[in-house]
Every structure is written in structure tokens, then in C-alpha cells.
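Trainee:
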Amino acid sequence: MQKINKNVVLALLSLTSLVFLLFQLYYYKFYLSQKNGSFFSKVRGSQSGQDSTRWHVVRKFLGLISSHNIPVYLIDPLILGLVDKDIEQIRSSPDGPSPECKYFCAPRDFTTFALVDKTWKQEVSLFRAAEKMGFQWLKIINKDPRLDGMDDLSGIEIPLHYIFKLASHAIHLVVFYERSGNYLWHGPLRLRQHMDRKFVPFRKLQFGRYPGAYEKPELALVSIDDLKVQIPKNPSSFLEEMSHSRFLECRYREARAFFQLYPDDASLDAVEFRKKAKSLLHLAALTLNSLGVKFWLSSGTCLGWYRQCSVIPYSKDVDLGVFIKDYKADIIPAFRKAGLPLKHKFGKVEDSLELSFQGDNDVKLDIFFFYEEDDHIWNGGTQAKSGKKYKYLFPKFTLCWTEFIGLKVHVPCETLQYIEANYGPDWKVPLKTWDWKSSPSNVQYNGVWPVNEWDDVIQIY
Amino acid sequence: MDEWKPNPAVKAHKKRSWYLAWKYKLMNQRALRKLCQTGAVLFLLVTVIVNIKLILDTRRAAYEEEEESAQDYDDEMLHVEVPRHPVSNKKVLDVEVYSSRSKVYVAVDGTTVLEDEAREQGRGIHVIVLNQATGHVMAKRVFDTYSPHEDEAMVLFLNMVARGRILIFTIKDEGSFHLKDTAKNVLKSLGSQVAPFLSWRDMWTFAGKKGGEVYGEKHAKSPALSTWGDPVLLKTEVHLTSVEDAECHWPDTELNRRRKRFCSKVEGYGSVCSCKDPTPIEFNPDPLKDNKVFDVPVAVIAGNRPNYLYRMLRSLLSAQGVNPQMITVFIDGYYEEPMDVVELFGLSGIQHTPISIKNARVSQHYKASLTATFNLFPDAKFAVVLEEDLDISVDFFSFLSQSIHLLEEDESLYCISAWNDQGYEHTAEDPSLLYRVETMPGLGWVLRKSLYKDELEPKWPTPEKLWDWDMWMRMPEQRRGRECIIPDISRSYHFGIVGLNMNGYFHEAYFKKHKFNTVPNVQLKNVESLRKDAYETEIHRLLGEAEVLDHSKNPCEDSFVPDTEGKVYVMFIRMEQEADFTTWTQLAKCLHIWDLDVRGNHKGLWRLFRKKNHFLVVGVPASPYSSKKPSSVTPIYMEPPAKEEGAAAVPAVAAAEQT
Chain A
1 MQKINKNVVL
11 ALLSLTSLVF
21 LLFQLYYYKF
31 YLSQKNGSFF
41 SKVRGSQSGQ
51 DSTRWHVVRK
61 FLGLISSHNI
71 PVYLIDPLIL
81 GLVDKDIEQI
91 RSSPDGPSPE
101 CKYFCAPRDF
111 TTFALVDKTW
121 KQEVSLFRAA
131 EKMGFQWLKI
141 INKDPRLDGM
151 DDLSGIEIPL
161 HYIFKLASHA
171 IHLVVFYERS
181 GNYLWHGPLR
191 LRQHMDRKFV
201 PFRKLQFGRY
211 PGAYEKPELA
221 LVSIDDLKVQ
231 IPKNPSSFLE
241 EMSHSRFLEC
251 RYREARAFFQ
261 LYPDDASLDA
271 VEFRKKAKSL
281 LHLAALTLNS
291 LGVKFWLSSG
301 TCLGWYRQCS
311 VIPYSKDVDL
321 GVFIKDYKAD
331 IIPAFRKAGL
341 PLKHKFGKVE
351 DSLELSFQGD
361 NDVKLDIFFF
371 YEEDDHIWNG
381 GTQAKSGKKY
391 KYLFPKFTLC
401 WTEFIGLKVH
411 VPCETLQYIE
421 ANYGPDWKVP
431 LKTWDWKSSP
441 SNVQYNGVWP
451 VNEWDDVIQI
461 Y
Chain B
1 MDEWKPNPAV
11 KAHKKRSWYL
21 AWKYKLMNQR
31 ALRKLCQTGA
41 VLFLLVTVIV
51 NIKLILDTRR
61 AAYEEEEESA
71 QDYDDEMLHV
81 EVPRHPVSNK
91 KVLDVEVYSS
101 RSKVYVAVDG
111 TTVLEDEARE
121 QGRGIHVIVL
131 NQATGHVMAK
141 RVFDTYSPHE
151 DEAMVLFLNM
161 VARGRILIFT
171 IKDEGSFHLK
181 DTAKNVLKSL
191 GSQVAPFLSW
201 RDMWTFAGKK
211 GGEVYGEKHA
221 KSPALSTWGD
231 PVLLKTEVHL
241 TSVEDAECHW
251 PDTELNRRRK
261 RFCSKVEGYG
271 SVCSCKDPTP
281 IEFNPDPLKD
291 NKVFDVPVAV
301 IAGNRPNYLY
311 RMLRSLLSAQ
321 GVNPQMITVF
331 IDGYYEEPMD
341 VVELFGLSGI
351 QHTPISIKNA
361 RVSQHYKASL
371 TATFNLFPDA
381 KFAVVLEEDL
391 DISVDFFSFL
401 SQSIHLLEED
411 ESLYCISAWN
421 DQGYEHTAED
431 PSLLYRVETM
441 PGLGWVLRKS
451 LYKDELEPKW
461 PTPEKLWDWD
471 MWMRMPEQRR
481 GRECIIPDIS
491 RSYHFGIVGL
501 NMNGYFHEAY
511 FKKHKFNTVP
521 NVQLKNVESL
531 RKDAYETEIH
541 RLLGEAEVLD
551 HSKNPCEDSF
561 VPDTEGKVYV
571 MFIRMEQEAD
581 FTTWTQLAKC
591 LHIWDLDVRG
601 NHKGLWRLFR
611 KKNHFLVVGV
621 PASPYSSKKP
631 SSVTPIYMEP
641 PAKEEGAAAV
651 PAVAAAEQT
């Protein structure tokens, strides 16, 4: 009896140990996955309800900036999210007192506002006044990216972020700059050596991890929680824009190094081609944007951006990528209306679609349509005379904004992977001879179009 | 067995008592029991170790994350502030001053603040001004008092230096030939005992406080006319005063804070740093009604001529309708003093690493400045381009505001310029009158963004081409038949006499007598008639009304134009083809206007004023206006002078541009 007891006890003990161990492992795994996940999930939102500190700080801040005539607007995503739900009501009663503090009282560490740089004159008096009101403030400056592309200019560092802290609440003021391409840009938030890392929980700031690009928003003056504040007229579209606003700066330094190695072609032909390519890209962007078709720089145009921040003068055409899910039948007529007739159409919407439009003076616009699979993305190519199909494989990517020859355009965020897939590891070396059927390192033979489909899938004008 | 100590964990402790209880009861199954026991213990040990490891790992992971996220927000670059001058807390400065025929130097606390051993350069008296509290160099000048008038400039400068500053003097080569008594007396009043007796090729060093003590003086007399005095080296000590004593006590305002920063760093700007009643640094000129150029960026192109920049910015900021926020000063080189001037006025300044040399350096600086301007102001359709050696007329922006729409609407226009190349005191009269000309005068002008971005920027001369940017812009490939709008009376005044292509003689001959508008709010006349076709109508009207002058007289003589006022006269000169400017050049020469190349022409027609009469010159037969010539009139031909003079003089200055 006792012997059984002992064995049972031993087994029980082992079992509990095992369970304990498994629990630990599970917890560890959970921890790791959480670590890689979003930071915002970690924001401790204590449910204690109202926090009037925040409301008071925001009110003080709004008072401060209005007394200095500084036009800020609210871009705090959490508040805008709440505001968006009640947008009709807020719009309809711009002045009515609100029964309860709904938006500015949720206890949070900070509230985010935006400021367009050119609408104010950087005045020291603002900070004096802020200090008098009890605010502590921090200014984060960095190089002016608008001058980054230029050799040898210095002297200008611009404020990118301001943080005003009062009691336990902080106001994060993001400074937006207008840039060539008619958009607003905000910089990343980077702390310098001597800065106070504990000033606010920097990790939780929603603006600053990456630089971002935005359209100029239309603003509306509303009254929420009895505070008069400017907000984007359409909060939901602003929030949507924010979710994929990440901006990549061109790699100007590397581009300069590239031109040291391979001096730029300054011939009249190159100048002319670049001018034509630029106006073609501007026209294409205008046309696609007006249709609401999302596109990105692809192939040679993307390589030109990534490698040398300019159009490759011998590339002969402009290449754009579009996800097939964004395809619209209106594309062809819209381009025709814009003065770009269809030159050829290969493939069909279901498979390997590719459109080429004839720009002025020999410059061609190629639009490749990309098909998403589980673990990769591909686009197709067709050889007109043989009906052979090719497939170009890319690792999955997301889209980022960048500025290229005076335009705000998309490029794959994972640009290097994209370029390496297409051009191989030696993409840094300029190649003047390029065969689209054999040169790309990601090309695959993809069979032949059935002859009876040729009329449809190989259209040349 | 008894000594066996189980793991001190709680569970294990419990287990141990169980074992002890069974130990004596199950002796016969000892082997099995022992096996189980060891197995269990091992298992427990493993559990504990894994647990500990887990705890450690989690902690480390958490720590790493902390680090990582902090890194996200860390600037990758190390920004180490480099002090602009070695600053020491010492109260005493060691000063060494050396004077000799071929070399001078000044060292303060072992740091050389002046060294000049270049040949054929730097002759005369070198002056250094130190801050009496910090020992910083506030000004460095050299006055070539071997040459005339330089001593006057030195007196002017010394009078501007604030009391209490430390002054250091040293002579290189020769500094007494044109050192007049006034200057000698000023030096004497500073405490120099030698100055009144300085003579030919003497070597001399002197250090003293303005209005105070003398720190030392050394002198070596030249033994003979053909030889120099022996080199002299003055070693002395200077006691620093407290910062409060070295500063003025202006009321604490934002402006005065800027002023204080400026005045503690540099000297030689006169009353801006005067303790009593300093000159304002904010001007608040009247705003312009309906200002069309309020949002147009203004690029000020500057080099290392801070005194010029100071004068230029003062006039610019005093012009009606100026918008300081749109002004950016581009400095060619990492010079401190121009930047100090920019900061004094609260403007933004950008420094540019010099690329290439001479004219190409200027041209690269222009390109960088223009590109940067349009990058910084992406909305701008135009940019105003100014240089650091220009005075800006009070109605500069008013003039642009009234005419800028033409540049936007009329494709045949190349620029609007504030400068009339032919607008001298005796040839310009009407502040409300505008012209169309085929040349690009520069010197305060408006550039269209599309012209720059689409045409000029892509093919701007590269650094190895030693071209003048403005000459290049005037070339037919760039200008492509387009014209500029200019006023009769210039809205800018070129005061620079030191420059890449500039010297005192040249300035005196071509720029000094230039007319400059000082009347505010001039209402421009007939702006619409400046459009391409309307201008032709206007010219034909003018020519129709013009009285033909007596072509038998000498056009250089004053009597060529009757003593009237407000009339329109026309003369015809010979001009075989479009590029034949032989007679025009001679006429320009005798009228004392710009004759180094052709300026101010419009289809073979020049418009200027003589004796307050509008005076038209038509080139026959190249000009389309030749048809207005009465058949009885023979166009005047003037022969160029004999070659040797012209050929030698012209190329030397022909390239001379208004830099």
C-alpha cells in the first residue's frame, strides 16, 4: 500500500513539475511574441475613467498657442478615432457644451498635435511663455531633409518635434514641413546624447518612430470637451493615411558615392531624356492618382531612385508597378485622354497583365501588374513574337512614400530586397545592356500563351 | 544518505520528509527506491535550473527591448559641440606680436590668430581687436597704409571699435608712406608713443586697450631707405576683465539678446553695438497693400564680406513689403562672421562648402543656393535673387509686386531685374518707367521656378568649367530670345568695391554714378504695355511721336540734344547686322554708360534719357524699327579707336562682372 502511495506521489510530483515547466515555456513564448508585436498593445490604459489633468494641460496648451497665433491641429490617433465615431454630432453642434469629458479625459501620457512649419515664425517668446505657465519643453532638431540631397550645404537644422510637459501629461507637437511634390512631411524623433531619455515615454509616441508623408489636410474647427480645436476635416481618412504614412528618404549619401564611382552623364541627350522622363512620370502620377490607383516605382525607375536618386539616363522608359487588385478598366482611356495612347497590352487581368503607353518623343511608360501569392509577389512578361511567358518573382513587400524628382510616390519599403530580387547582388554596377527576358535574376520561364488567345493577350498598337 | 541535502526549494523540502518516513519501512526495495529518488531529484534540479534560466532570459529580453527601443530614438550621429575659439578661464592672456618685412603674426595664449607670410600680399598695418573679457578675436583688418586713403579707412574703423577692447597692431613690409597725421594722432591717443614718428620701412608692434592702458610697444627703425627695420617681437600680458564690464546694459529683450551675442563676438559695425542709443536691428517698414511678392522666397548670395552683408541686409529689411521669413542667406564657405550678421537680424543662413575656384566657385554657389531655395519653398513659383553687395531700394518689393504677374503670364520673358545697366545719373529719369531688354542684368532679379528647374538646373555649368553664371545665362542657348523687364531707374545699387571681378577703379567708372531710386511707393506706368505685342505697339507709338535729331552734329556733344525737357528724340546709328555693335559701343563710351559689352537693347533699339528727354537710338538697318528712319537721314557711324588701347584694356575687364 505504502509502496503504491510512494510511486503515486512521485508520479504526481513529476507531473506538477512538468506542468510547471510547460507553463513557463508557454509564458516565455507568449512574452517573445508580444515583444515583436505592436508597442501600442503595451500601453497600460488604466480604466479608472476620467483624468482631468490631461484636459487641463491640453486647455493650457491651446491657450498658449492661440495667444501666439500658432495654428496647430489635433492629430492624436486615439482621440481622432473617438471623434470620428461621433463626427456628425460634433459637426452639427460646434458650440454646444458637452455633457461629459469624453475625449480629453481618458488618462494617457500625452496628446499629439501638428503644426505646419511655414504657418508660424519660430519665436523664442513662445517658449518663455510656456515656461511661465509651468511647462517644461524639449525641442528635437535634426538636419533639414529638403537640403539633404544637396552636396555641401550646412547650417540648417530644423525643429522636428516639440514636447511640452506639465504635471504628468505631455503635449507632443509634430512639426510638418512642406516639400517638393506638394505634400507634408514630418521627421523621425531621434534623441541626442545629452538629452533626457526619461522626459516622456518616447516609445509610446505615435509619431516619430519613422518619418511620414501626408497630404495637406483640410481642417475644421470643432469644439470637443468644451475645447475649441482644429482637427482634420475627415478624421477617418487621416487615420487611414496615417496607417501607411511611412516615408523613406532617398539615400543621398550613397547616391553621391555612386556618382563618384560612375560620374553622371551630363550630355544633352541625358538632360533631355531626364526631362522627358520626369514630365512623363508626373503625368502618369496625375492620371493614376486621379483614378485612385495605387502605384509604385518599379524596375529601372526604382533602381534609379534607390541607387542614384535620379532617373537613369539610358533607361529609355519609366516603369511603374500596380497591384492587380487595384486594376481598373478606366486606366487605358484615362491615359489616352492624358495624351498617352496604349502602345501594347500583354496578358490579361487574370494573368501576367502588362500595359505600355507611348509618351512624347520615344519615352515609354510601362505599367506592370503584380499578383500576390502566399509567400511571394510576381509580375509577368510576354514576348510578342513567340508568345512566350515569363514570370518575375519578388519577396513580399509593403509600400512606403518617398520623394522622387518633385513627386511624392510609393516605393517598396523593403527596397533593397526588391532591387536585389530584380537585379541581383550587383545592382550597384551600372549595366547599359539589359535583356528583360534573361538579365533579371528573378525571371522564370512561364510557358507559352495558347495560340487561340494571342489576339487577346498580345495587343500591339 | 543522511547527509544528502535536497534542493532547498519548498517542494523538494516536502518531498524529503516523505522519503525519510519511508526510508526505514522499505529497506527491501532499497535499489528501486534509490533509483526513483535520484530520478525525482534530478528532475527537480532540472526544473529549478530551467526556471532560473527562464527568469534570467526574460529579464535580459526585457532589458534588451528597453535598449533597443531607446536606440530607435537615438540619433546615430555624435554631435560634439566644438568651441569656436579656445576659451580658457584664465584671467591673463599671453600675447605675442611679430612684425617684419615678410611676415607678421599674432598669437594669443599660444594660439596663432593672425599669420601672414604670403608674398606680395598683406602689406600695411594689421589690426586685431580682442574681446577684453574673453580674449576672442572680434575683428581682423589690414590697412595698406602704403597706399593713399587706407589710413582714413583705418581711422574710421578704429573709431568704431568700442571702448575697452584690446587692440593689437603690427606692420608688414611698409605701413607709413600714406599714414597721415590724423591717423598718427589716433594711434597716439590709443597710447602709442612711436606712432607719430613712424617712418619708411619701420617695423612696429603695439598692444593696448582702447581708452585705457598700454600693454606694450616695440619698434625697429629702418636704417636706410633701401632696407627694412629689424623684425620685432612683442611679448606681453593682458589682464582680462569680467564679462559684465565688457558688455552693454541694454534692456533684456529678444532683439537685444541677439545684439548682445553679436556684439560680444565681432567689432567694426559701428553704432549697432553702441551702449547708448544703439541703432535698431528691426525695421518694421510699412507693409505693402496687395503685396504679390510676400510669399516669394528671397535668396541672398553671400561670400565672406560681412560688412557688405550687414549693409545689404539693413537695406533689404527696410524695404517696404519685405517678409523676413522668406529670406535665406547663402554663404559660400564656413565663415563665422557673415553668419553672425545673419543671426543678428534673426534671419536664416546656410553655409555652402566651396566647390571649385574663382568664377566656377561663384557659379556653383549660385546653383546650390537656387536649388536649396526651391527645395525650402516648394510652393514658390519665383525666387528673388540678391547679392551681398547691393543696396535695395525702398520700393523694391513694390516694383516687383506690380510687375511679377507679367513673368507669370508672358512666356517671352526671361526675368525681371531691378537693375538697368544703362541707368546712370545722367541717363535715367523716370522711376515709373519700365523697359524690355534682351540682356540679363542680374543684380537683384526674379527667377521663374520653371525656368530654373526645367532648363537651367539640369545643364548648369559644371565645376570644371570656369564660367560666370551670369554670362552663361546670357548665352543665346539659355536665353532663347526671351527678354527681361527692367526699370529705368534701378531698384538696386551695387556698392561693392571688393570682389572677384571688382576693384575700386572699375567701380568708380561703371557703378558709382548709377542712379538708384529712393522714392517710396512708385506707381509703375503702363505695366500691361510691357507684354510682348503691346510693347511693340508702344515702341511704334514712341517712334512715331519722336523728333529726329540733327544727324550732322556729333552725338557725343551735349548740344546734340536740344535743351528741352520731357520730349522724345530719336537718332539712327549704323548697325549692319544684329551683332554689329561698333557704333553703339563708341556712342556708349562717349556717353559714359556701360560699354564693355552690349546691354539694354531691344531689337536694335536702346532707350535712355538725355537732359531729361527720352532718347531713342535705333540701329539701321538691322533693327526692325529702321523703317521709321526718314530717307533723308544717314545713320551715324562712329569708328572704334586704334586697336592697341582697346585690345589691351577691354579683355581685362570685359569678363568683369558685377560680383
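Protein chains in written order, with full-length UniProt numbering: chain A, 1 to 461; chain B, 1 to 659. Don't be surprised by glycine CBs; every beta carbon is placed ideally from N, CA and C. Quick caveat: nothing in here was measured; it's all calculated off a predicted structure.
At least one CB of chain A closer than 9 Å to the CB of B/Phe294: is that the case?
Mentor: So no, B/Phe294 is outside the interface.
Trainee: I'd like to know if A/Glu100 contacts chain B, where contact means its C-beta is closer than 9 Å to some C-beta of that chain.
Mentor: No - not a single Cβ of chain B is within 9 Å of the one on A/Glu100.
Trainee: Going by CA-CA distance only, name the one from B/Leu167, B/Lys184, B/Leu376 that's closest to A/Phe176.
Mentor: The residue with the shortest Cα to Cα distance from A/Phe176 is B/Leu376.
Trainee: By alpha-carbon positions, which one of B/Leu500, B/Asn517, B/Phe495 ends up nearest to B/Glu508?
Mentor: Minimum Cα distance to B/Glu508 is reached at B/Phe495.
Trainee: Would the beta-carbon of B/Phe143 fall within 9 Å of that of B/Val127?
Mentor: Yes.
Trainee: What's the gap between the Cα of B/Pro441 and the Cα of B/Ser632?
Mentor: So the two alpha carbons sit approximately 36 Å from each other.
Trainee: Along chain B, which residues have their Cβ under 7 Å away from the Cβ of A/Met150?
Mentor: Going along chain B in sequence order, the residues near A/Met150 (Cβ under 7 Å) are Ala368, Thr371, Ala372.
Trainee: Please report whether the beta-carbon of B/Cys36 lies at a distance below 9 Å from any beta-carbon of chain A.
Mentor: Yes, its Cβ sits closer than 9 Å to a Cβ of chain A.
Trainee: Mapping DSSP to helix, strand and coil, what is A/Val409?
Mentor: In the structure shown, A/Val409 sits in a strand (DSSP, three-state: E or B).
Trainee: Quick one: grab the DSSP three-state call for A/Asn5.
Mentor: If DSSP states are grouped into helix, strand and coil, A/Asn5 belongs with the helices.
Trainee: What is the DSSP secondary structure of A/Lys275, counted as helix, strand or coil?
Mentor: A/Lys275: helix per DSSP, three-state reduction.
Trainee: At a Cβ threshold of 9 Å, is B/Phe43 touching chain A?
Mentor: Yes, B/Phe43 counts as interfacial toward chain A.
Trainee: What's the gap between the Cα of A/Gly339 and the Cα of A/Gly359?
Mentor: Each residue's Cα considered, the two are about 8 Å apart.
Trainee: Within 9 Å (strictly less), CB to CB, does A/Ser38 reach chain B?
Mentor: Caution applies to A/Ser38, whose pLDDT of 37 falls short of 50 and renders its modelled position unreliable; the value that the coordinates give is listed next. Cβ-Cβ to chain B under 9 Å: no for A/Ser38.
Trainee: Is the Cβ of A/Gln47 closer than 9 Å to any Cβ of chain B?
Mentor: Any reading at A/Gln47 must be qualified, since the residue scores a pLDDT of 37, below 50, and its modelled position is unreliable; the value itself is stated next. Answer no: the Cβ-Cβ gap between A/Gln47 and chain B never drops below 9 Å.
Trainee: Starting from B/Pro487 and walking both ways along the alpha helix (DSSP H), at which residues does that stretch end?
Mentor: Not the alpha helix (DSSP H): B/Pro487 falls in the beta strand (DSSP E), residues 483-487.
Trainee: Just reading off the alpha helix (DSSP H) that A/Cys302 is part of, what are its end residues?
Mentor: That run of the alpha helix (DSSP H) goes 299-308.
Trainee: Helix, strand or coil for B/Thr439, going by three-state DSSP, please let me know.
Mentor: The answer is coil: DSSP assigns B/Thr439 none of H, G, I, E or B.
Trainee: Taking A/Arg190 as the reference, give the member of A/Lys139, A/Gly181, A/His169 with the closest Cα.
Mentor: Nearest C-alpha to A/Arg190: A/Lys139.
Trainee: What span of residues does the alpha helix (DSSP H) with residue 473 of chain A cover, start to end?
Mentor: Only positions 1 to 461 of chain A appear in the structure, and residue 473 of chain A is not among them; the question remains open.
Trainee: If the cut is a Cβ gap below 8 Å, which residues of chain B does A/Lys121 touch?
Mentor: Chain B residues near A/Lys121: Gln325.
Trainee: Run down chain C in chain order and give the residues with a C-beta less than 7 Å from the C-beta of A/Leu10.
Mentor: This model lacks chain C altogether; the protein chains it does include are A and B.
Trainee: Closest to A/Leu365 by CA distance: which of A/Pro71, A/Pro341, A/His169 is it?
Mentor: If we check each option's Cα against that of A/Leu365, A/Pro341 comes out closest.
Trainee: Can you tell me whether B/Trp460 is helix, strand or coil according to DSSP?
Mentor: Note: B/Trp460 maps to coil in three-state DSSP.
Trainee: Who are B/Leu608's beta bridge partners in DSSP?
Mentor: DSSP, once it has assigned bridges, lists B/Phe615 as partnering B/Leu608.
Trainee: Return helix, strand or coil for A/Gln358, following the three-state DSSP convention.
Mentor: If DSSP states are grouped into helix, strand and coil, A/Gln358 belongs with the strands.
Trainee: Taking Cβ positions, are B/Asp340 and B/Gly600 nearer each other than 9 Å?
Mentor: No.
Trainee: Taking all protein chains shown into account, decide if B/Phe197 is buried (16 or more other Cβ within 10 angstroms of its Cβ) or exposed.
Mentor: So B/Phe197 ends up on the exposed side.
Trainee: Over what stretch of residues does the beta strand (DSSP E) that includes A/Leu184 continue unbroken?
Mentor: Here the beta strand (DSSP E) through A/Leu184 covers 183-186.
Trainee: Determine the closest residue to A/Ser92 out of A/Asn5, A/Pro107, A/Ser66, A/Val222, with distance taken between C-alpha atoms.
Mentor: Taking only the C-alpha atoms, the option nearest A/Ser92 is A/Val222.
Trainee: What residue does the alpha helix (DSSP H) around A/Leu340 start on, and which one ends it?
Mentor: Taken as a continuous stretch (DSSP letters only), A/Leu340 belongs to no alpha helix (DSSP H), as it is neither H nor E.
Trainee: Can the beta-carbon of A/Asn361 be found less than 9 Å from the beta-carbon of A/Phe368?
Mentor: No; because the gap between Cβ atoms is not below 9 Å, this pair is not in contact.
Trainee: Please report the straight-line C-alpha distance between A/Lys60 and A/Ala213, rounded to a whole angstrom.
Mentor: If you take the alpha carbons of A/Lys60 and A/Ala213, they lie about 29 Å apart.
Trainee: Just the chain A side, please: which residues come within less than 9 Å of B/Glu282 by C-beta, in chain order?
Mentor: Correct list: empty, because the minimum Cβ distance to chain A is about 13 Å.
Trainee: When the cut-off is 9 Å and only beta carbons count, does B/Ser102 lie next to chain A?
Mentor: Judged by the 9 Å Cβ criterion, B/Ser102 is not in contact with chain A.
Trainee: Which chain B residues sit within Cβ distance under 7 Å of A/Arg274?
Mentor: What A/Arg274 touches in chain B: Pro458.
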